[in-house]
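**Q** Just dropping this structure here.
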Amino acid sequence: MYSHPQPPYGHAPLSPAVSLRSPSAVPSAPPADDHLASSAPQPSSMYPPMSPVAPRSGSFSMPPPQYSFQQPAPVPAMQYQQPMGGAVGAPIAVSIAPNVMGVTPPMAPGGPMMQPRSLSFSAQPPQQGYYPTSPVGGPAAMPPSPVNRHPSLHGGLGPVTPYSGPQVAPMMPMGANGVAAPPPSPSSVVELHFRAKNLKTADVFSESDPFIVIYLEEAARQWREIGRTETVVNSANPTFTKAIEIDYFFEEVQRIRLEIFDRDSSSEALTKHDFLGCVEFTMAQLMSSNGQSMVLALLQSGARHVSGISGHVVIDAEEVSSCADMVNVQFGADKIDNKDGWFGKSDPFLNIYRIKDEHSDPKQAASWIHVWRSPVVMNNLNPRWAKVTLGVRTLCNGNLSRLLKFECWDWEESGRHQYIGACTMTAGEFVSGERVSMDLINAERQLRKGKKYKNSGVLRIVSIECFKMHTFAEFLRGGCEISLVVGVDYTASNGAPSHPTSLHYMGNSQFGQLNEYQSAISATGAILEPYDHDRRFPVYGFGAIVNGAVNHCFPLTFDPTHPEVEGVGGIMQAYANSFPFIQLHGPTFFAPLINQAATIAQTFSQPPTPGMPMPLKYFVLLIITDGVIMDMDATVEAIVAASHLPLSIVIVGVGNADFSAMDALDADGKLLRARSGRQAVRDIVQFVPFNRYRSNPARLAKETLAEIPMQLTQHFRARGIKPNPPLQRAGTEMLIAAATSAAKSPVATQRLENSANSSQIYQLK
Numbered sequence: 001m002y003s004h005p006q007p008p009y010g011h012a013p014l015s016p017a018v019s020l021r022s023p024s025a026v027p028s029a030p031p032a033d034d035h036l037a038s039s040a041p042q043p044s045s046m047y048p049p050m051s052p053v054a055p056r057s058g059s060f061s062m063p064p065p066q067y068s069f070q071q072p073a074p075v076p077a078m079q080y081q082q083p084m085g086g087a088v089g090a091p092i093a094v095s096i097a098p099n100v101m102g103v104t105p106p107m108a109p110g111g112p113m114m115q116p117r118s119l120s121f122s123a124q125p126p127q128q129g130y131y132p133t134s135p136v137g138g139p140a141a142m143p144p145s146p147v148n149r150h151p152s153l154h155g156g157l158g159p160v161t162p163y164s165g166p167q168v169a170p171m172m173p174m175g176a177n178g179v180a181a182p183p184p185s186p187s188s189v190v191e192l193h194f195r196a197k198n199l200k201t202a203d204v205f206s207e208s209d210p211f212i213v214i215y216l217e218e219a220a221r222q223w224r225e226i227g228r229t230e231t232v233v234n235s236a237n238p239t240f241t242k243a244i245e246i247d248y249f250f251e252e253v254q255r256i257r258l259e260i261f262d263r264d265s266s267s268e269a270l271t272k273h274d275f276l277g278c279v280e281f282t283m284a285q286l287m288s289s290n291g292q293s294m295v296l297a298l299l300q301s302g303a304r305h306v307s308g309i310s311g312h313v314v315i316d317a318e319e320v321s322s323c324a325d326m327v328n329v330q331f332g333a334d335k336i337d338n339k340d341g342w343f344g345k346s347d348p349f350l351n352i353y354r355i356k357d358e359h360s361d362p363k364q365a366a367s368w369i370h371v372w373r374s375p376v377v378m379n380n381l382n383p384r385w386a387k388v389t390l391g392v393r394t395l396c397n398g399n400l401s402r403l404l405k406f407e408c409w410d411w412e413e414s415g416r417h418q419y420i421g422a423c424t425m426t427a428g429e430f431v432s433g434e435r436v437s438m439d440l441i442n443a444e445r446q447l448r449k450g451k452k453y454k455n456s457g458v459l460r461i462v463s464i465e466c467f468k469m470h471t472f473a474e475f476l477r478g479g480c481e482i483s484l485v486v487g488v489d490y491t492a493s494n495g496a497p498s499h500p501t502s503l504h505y506m507g508n509s510q511f512g513q514l515n516e517y518q519s520a521i522s523a524t525g526a527i528l529e530p531y532d533h534d535r536r537f538p539v540y541g542f543g544a545i546v547n548g549a550v551n552h553c554f555p556l557t558f559d560p561t562h563p564e565v566e567g568v569g570g571i572m573q574a575y576a577n578s579f580p581f582i583q584l585h586g587p588t589f590f591a592p593l594i595n596q597a598a599t600i601a602q603t604f605s606q607p608p609t610p611g612m613p614m615p616l617k618y619f620v621l622l623i624i625t626d627g628v629i630m631d632m633d634a635t636v637e638a639i640v641a642a643s644h645l646p647l648s649i650v651i652v653g654v655g656n657a658d659f660s661a662m663d664a665l666d667a668d669g670k671l672l673r674a675r676s677g678r679q680a681v682r683d684i685v686q687f688v689p690f691n692r693y694r695s696n697p698a699r700l701a702k703e704t705l706a707e708i709p710m711q712l713t714q715h716f717r718a719r720g721i722k723p724n725p726p727l728q729r730a731g732t733e734m735l736i737a738a739a740t741s742a743a744k745s746p747v748a749t750q751r752l753e754n755s756a757n758s759s760q761i762y763q764l765k
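The sequence shown begins at 1 in UniProt numbering and counts up by one.
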């Protein structure tokens, strides 16, 4: 093990566990086969449930929202009420406005006095002693340092370590008249595939469980993680299925760094795993190499000689095509060889490989790229695998003349899987369904048995259907809107808003400095705002006492019938004006907020009418929180129930809490399963720790929203919804006249101010 401060690593889950329950001994997806060096011949934490509480109702008065962004009024001084005895960990009651009724609404500087509005609501009474209190007034969280790396080609100096020098922002290239030039377009998009040979063993009684972390060098020798492979269990010679896409710029020096680790736990923190080796190379070296494939030596930490080599890594590159065709396919097999003797049956799984190009030798293992692996079917000689959707681009990179190889293996817990047999066909034959059954041939058994050998089983294509995957841009051209719903954490662990160390502290707003909640709202909202035509967004809070009762989903307008505000500026103002009317409390419950967002999304989830275009709308729920979820079971149930709706959930973790439980919700590549047994229809959750991107709001927005296009297209495809016909804009002269008229209206002026305010906020950060 090694120890160093954790750099801003990525967060793609690599654990094979699918659900929040204890992992089964039977894998949902098998570890990768040892295709390069195999025993087979070369072929052709849960929280306890809360006790129920009685509902309460109440009413109070508050001002209607003012949508232009202005500096918030001074927040009243906080009052702390420490329970008798002062026991460590006892809850601290944070009182901001003890008597909401009758409070005179604050007046924003330069703005009119807001008129009160009445509201009735139902909530539950506060619970006592349910969570440990974070001490208020602790040290402010410091932004993570960029990581520095020695410019060695083969390895550098071990795992990345923080760089303590000044942070230098990359210069924006300037065009004519001093205007910033547009970013350069990549020469092409390249897909990187990885294999490894003879990795050193970090485990005592078994082979290592390796995975690769991939970094791209940015300015000033700073490294940014761009992806991770899956974990291959018990293998010194792993073949990784997950490929990494990268924009290739011919005119730039793009340095890539690979670090290989032995997985020791389900944690995504690299400090929890054994470092096996590292290597660096440039994209120019890879793209100019023979066959665009390189074999590089992995070096251990600090090693620079042959004695320091800890294995080799094979990197293959291929330009990505723009093919959008997909296939729904179900595989089966009959009478496969039994590899488990008299007292068992084979545990088969399938691997699919594509040949590199038409000039590659099919007899050479290095000529094949691993593109897909099936789950394991346990103890079955006539398996039927579940239906799966595969991209034609993944299978053959859009080239239907490519040769595909289908291998059947018997899974072994040790990782030394036993080869059963293989068959080949072109991608065109596979996609068209021309060949529905093929003999699985084991060349060694065929040579040994001679004419008596028939096959080692028969692979069957039970069903196959080819269809076009509509793109994200096609849905947007057809008028699909994306609307933001915001949820803000008002639990006491955030700290008193009047204290500079509080995550809700807004005392530096006049200097253009936003707190972490404001930064997350501004960065994400600035991206999503243009995609909602009316630019009205519901905003909610949770975990606060409102009018004497804990409320886990209350609108920041304090009007349940009108929870929406105007633009990102309206969100920022509603957040800033909320504190005089709430009291920080807890616990951290997500389920009520997720259920509320699901209710909103449900109204846009009606089945389509054949032949009739329907308005399409997709929702993104942004939850900003500082603590650990206290209703995990209910939250998982809510996520699973909402997975069939036009909804994605983005969780941004602020502060320095332990967010490891969030990784269970962000089930990338897997489907979330609730304790009730219900399984999510699709993955709809993305978790991003704010500290990782504190100094770069643009990167924060990119990471939080990166999965939205894919999740949107997955949802509409699953429901059989196609993009509407492209909207046709009106004539130029008509648009100019309409814009001139609209610009003179008070509503447009207000909206323009809000938009300018939100843009200013974003730029100041």
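Where is the CB? At the ideal position from N, CA and C, for every residue including glycine.
In this text the structure is predicted, and so the values were computed from the model without any measurement.
1. What residues in its chain sit with their C-beta under 6 Å from that of Ser38, if we drop five residues either side in the sequence?
2. State buried or exposed for Asn328, treating a residue as buried only when at least 16 other CB atoms are found within 10 Å of its CB.
3. In whole angstroms, give me the CA-to-CA distance for Pro72 and Gln573.
4. Throw me the rounded Cβ distance for the Asp532 and Leu484 pair, which I believe falls under 8 Å.
5. Gln606: buried (16+ other C-beta within 10 angstroms of its C-beta) or exposed?
6. Measure from the alpha carbon of Ala386 to the alpha carbon of each residue in Ile464, Arg435 and Ser293, then state which is nearest.
7. For Gln596, is the classification buried or exposed, using 16 other Cβ atoms within 10 angstroms of its Cβ as the cut-off for buried?
8. Note down the Cα distance separating Ile684 from Asp534, rounded to an integer number of angstroms.
9. Touching or not, the segment 614-626 and the segment 639-659, by the rule of three or more beta carbon pairs under 8 Å?
10. Under the three-state reduction of DSSP, which class applies to Phe475: helix, strand or coil?
11. For Gly570, name the three-state secondary structure that DSSP assigns.
12. Which same chain residues end up closer than 7 Å to Val431 when comparing Cβ atoms and leaving out the 5 residues on each side of it in sequence?
13. Considering only residues of the same chain and omitting the five flanking positions on each side of Arg460, which have a CB-CB separation below 6 Å?
14. Curious, which full-length beta strand (DSSP E) runs of at least 3 residues does the segment 450-517 contain?
15. Determine, for Ile246, whether the minimum Cβ-Cβ distance to residues of chain B falls below 9 Å.
16. In angstroms, rounded to a whole number, what distance separates the CA positions of Glu413 and Val233?
17. May I ask you to report which of helix, strand or coil DSSP gives Ser288?
18. Let me know the secondary structure DSSP gives Ala169 once reduced to three states.
19. On the three-pair Cβ rule with 8 Å, is the segment 235-254 touching the segment 205-219?
20. Comparing C-alpha positions only, which one of Thr389, Asp347 and Lys405 sits nearest to Asn379?
21. If you check the beta carbons only, do Val620 and Ile571 fall under 9 Å apart?
22. Do Val681 and Leu700 come within 9 Å of each other at the CB atom, strictly closer than that value?
23. Across which residues does DSSP place Arg673 in a beta bridge pair?
24. Is Leu727 near Gly478, with beta carbons less than 9 Å apart?
25. Pull up the DSSP beta-bridge partners for Asp247, would you.
26. Going straight from the alpha carbon of Asp262 to that of Pro555, what length do you get?
27. Run through DSSP, which three-state label would Asn691 get?
28. Span of the alpha helix (DSSP H) holding Gln596?
29. Is there contact between the segment 703-719 and the segment 313-322, where contact requires at least three CB pairs shorter than 8 Å?
30. How big is the Cα-Cα spacing for Leu440 and Lys363?
31. Give the straight-line distance between the Cα atoms of Ile600 and Gly569, rounded to the nearest whole angstrom.
**A** Judging by the given coordinates:
1. Note that Ser38 has pLDDT 38, beneath the 50 cutoff, so the model's placement of it is unreliable and the number below is only indicative. So no residue of the chain qualifies.
2. Classification of Asn328: exposed, given that the 10 Å Cβ count is below 16.
3. Low local confidence applies: a pLDDT of 40 at Pro72 is under 50, so the model's placement there is unreliable, and no value is given.
4. Contact check for Asp532 and Leu484: beta-carbon distance about 7 Å, within the 8 Å limit, so the pair qualifies.
5. By the neighbour-count rule (16 or more Cβ atoms within 10 Å), Gln606 is not buried but exposed.
6. That would be Ile464, whose Cα lies nearest to the Cα of Ala386.
7. It is buried - the Cβ of Gln596 has at least 16 other Cβ atoms within 10 Å.
8. Cα to Cα, the separation comes out at about 24 Å.
9. Taking 8 Å as the limit for Cβ pairs, the verdict is that the segment 639-659 does touch the segment 614-626.
10. DSSP, read as helix, strand or coil, puts Phe475 in helix.
11. Here Gly570 carries a helix assignment [DSSP, helix/strand/coil].
12. Cβ within range, chain order: Val327, Val392, Leu400 and Cys466.
13. The residues Gly332 and Ser437, in chain order, have a CB closer than 6 Å to that of Arg460 in the same chain once the five nearest residues on each side in sequence are set aside.
14. Counting only runs of 3 or more, we get 458-468 and 481-489.
15. No chain B appears in this structure, which consists of one protein chain only.
16. Those two C-alpha atoms are separated by around 9 Å.
17. Note: Ser288 maps to helix in three-state DSSP.
18. In this predicted model, Ala169 has a pLDDT of only 39, less than 50, meaning its place in the structure is not dependable; the value taken from the coordinates is given anyway. For Ala169, the secondary structure class from DSSP, reduced to helix, strand or coil, is coil.
19. In short, these stretches touch, since the Cβ pair count reaches three.
20. The shortest Cα separation from Asn379 among Thr389, Asp347 and Lys405 belongs to Asp347.
21. One thing to note: Val620 has its Cβ no nearer than 9 Å to the Cβ of Ile571.
22. For the 9 Å CB-CB criterion, Leu700 and Val681 do not form a contact.
23. According to DSSP, which records beta bridges pairwise, Arg673 is partnered with Gln679.
24. The answer is yes: Cβ separation under 9 Å.
25. Here Asp247 is bridged, per DSSP, to Val189.
26. Within the model, the alpha-carbon separation for Asp262 versus Pro555 is close to 46 Å.
27. In this structure, Asn691 counts as helix in the three-state DSSP scheme.
28. In the DSSP assignment, Gln596 falls within the alpha helix (DSSP H) that extends over Ala591 to Gln602.
29. In this structure the segment 703-719 does not touch the segment 313-322; the number of beta carbon pairs closer than 8 Å is below three.
30. Roughly 16 Å between the two C-alpha positions.
31. Taking the straight line from one Cα to the other gives about 22 Å.
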